[in-house]
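For reference, the structure is listed below as structure tokens.
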Amino acid sequence: VAGTWKDLTDGVNSMAGNLTAQVRNIAEVTTAVANGDLSKKITVDVKGEILELKNTINVMVDQLSSFASEVTRVAREVGTEGKLGGQAVVKGVAGTWKDLTDSVNSMAGNLTSQVRNIAEVTTAVANGDLSKKITVDVRGEILQLKDTINVMVD
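The sequence shown runs 1 to 154 under full-length UniProt numbering.
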């Protein structure tokens, strides 16, 4: 093959090679995300619609990483370290990710108010003041704890 046909063949082969590299990089990153690895980004040089796809996926990875970091931080602070009042702050998320962030914050907020109210009453009891009662709205095992302490101060 020579001349125009060679140029055409070389152009098609170059285009196919570029597209293959782009798709491989996108597949590598999306596979990593599917496997829970949020450390990878699409780095291949692209233009046009593939650039839009690259930017969208990279923003998604950033938001998922931010969400995971914040939820992990709040769970560690409130659940493990006993630092009450923590809230997750995840900028730019919407839909399901915002709903999940709001649910984590609601759970952390509820736990904080419950523990603080119980601590206030039990501290008063320890100081001889039996006039306080646990008033926070609770359910389940925390409700049993509330009822037990409130009976104790009656």
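Note that beta-carbon positions come from the ideal geometry of N, C-alpha and C, so glycine has one too.
The structure displayed is predicted, hence computed values, not measured ones.
- Boundaries of the alpha helix (DSSP H) harbouring ALA27: 4 to 34, taken from the DSSP string.
- No beta strand (DSSP E) of 3 residues or more sits fully in the stretch 36 to 70.
- By the criterion of a C-beta distance shorter than 7 Å, LEU38 is surrounded in its chain by VAL61, LEU64, SER65, ALA68, once the five residues flanking it on both sides are discounted.
- Here VAL90 has SER66, PHE67, GLU70, THR101 as same chain residues with Cβ atoms under 6 Å from its own Cβ, once five neighbours each way along the sequence are excluded.
- Relative to the Cα of SER113, the nearest Cα in the group ALA27, ASP137, GLY128 belongs to ASP137.
- When secondary structure is reduced to three states using DSSP, ASN150 falls in the helix class.
- In the three-state DSSP reduction, GLN87 falls in the coil class, being neither helix nor strand.
- Within the same chain, and ignoring the five residues on either side of LYS83 in sequence, the residues whose Cβ sits closer than 8 Å to its Cβ are GLU77.
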